[in-house]
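>
Below, the structure is given as structure tokens:
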């Protein structure tokens, strides 16, 4: 006999809670900042003129590790620690979160990914030489 109640798969009452929207904002900012910092670090490493001019591969590894550490620490209280979408799907299958919450997290994290990559890579496209016609 179970001593707990499984949450419903779809719970529309979550859409009325401030904590739900606070979690969405945290997920967006975490995904945005992670991709912005990491991709900007990789671009900066590739643009180095000297072989020993910067941190090299170690700086990229430190950017990945420190960003995950800081973002999980900062967003764990609002939206749960996982930044990874696959972990959210596992939580949905095990009935730890509702379908509404997972779908909103997927949408917000995809938007954060697009914005983070767009801002970090955008200046690279603006500096590109114009295309010539044949």
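In the UniProt record's numbering, the protein residues as written are 1 to 134. Just so you know, even glycine gets a beta-carbon here, dropped at the ideal spot from N, CA and C. Nothing here was measured: the structure is a model prediction, and the numbers come from that model.
1. Report the three-state DSSP secondary structure of residue 47 (helix, strand or coil).
2. Just confirm the distance between the C-beta atoms of residue 39 and residue 117, as a whole number of angstroms; I'd bet it's less than 8 Å.
3. Work out the CA separation of residue 65 and residue 46 for me, nearest whole Å.
4. Would you please state the rounded distance, in angstroms, between the beta carbons of residue 36 and residue 114? I believe it to be under 8 Å.
5. Do residue 111 and residue 71 have their C-beta atoms within less than 8 Å of each other?
6. Of all the options 43, 106, 78 and 89, which has the alpha carbon lying nearest to the alpha carbon of residue 139?
7. Report the option in 75, 94, 20 and 30 whose CA atom is closest to the CA atom of residue 9.
A quick look at the data gives this:
1. coil
2. 6 Å
3. 19 Å
4. About 11 Å separates the two Cβ atoms, so there is no contact after all.
5. no
6. As shown, the chain starts at 1 and ends at 134. That puts residue 139 outside it, with no answer to give.
7. 94
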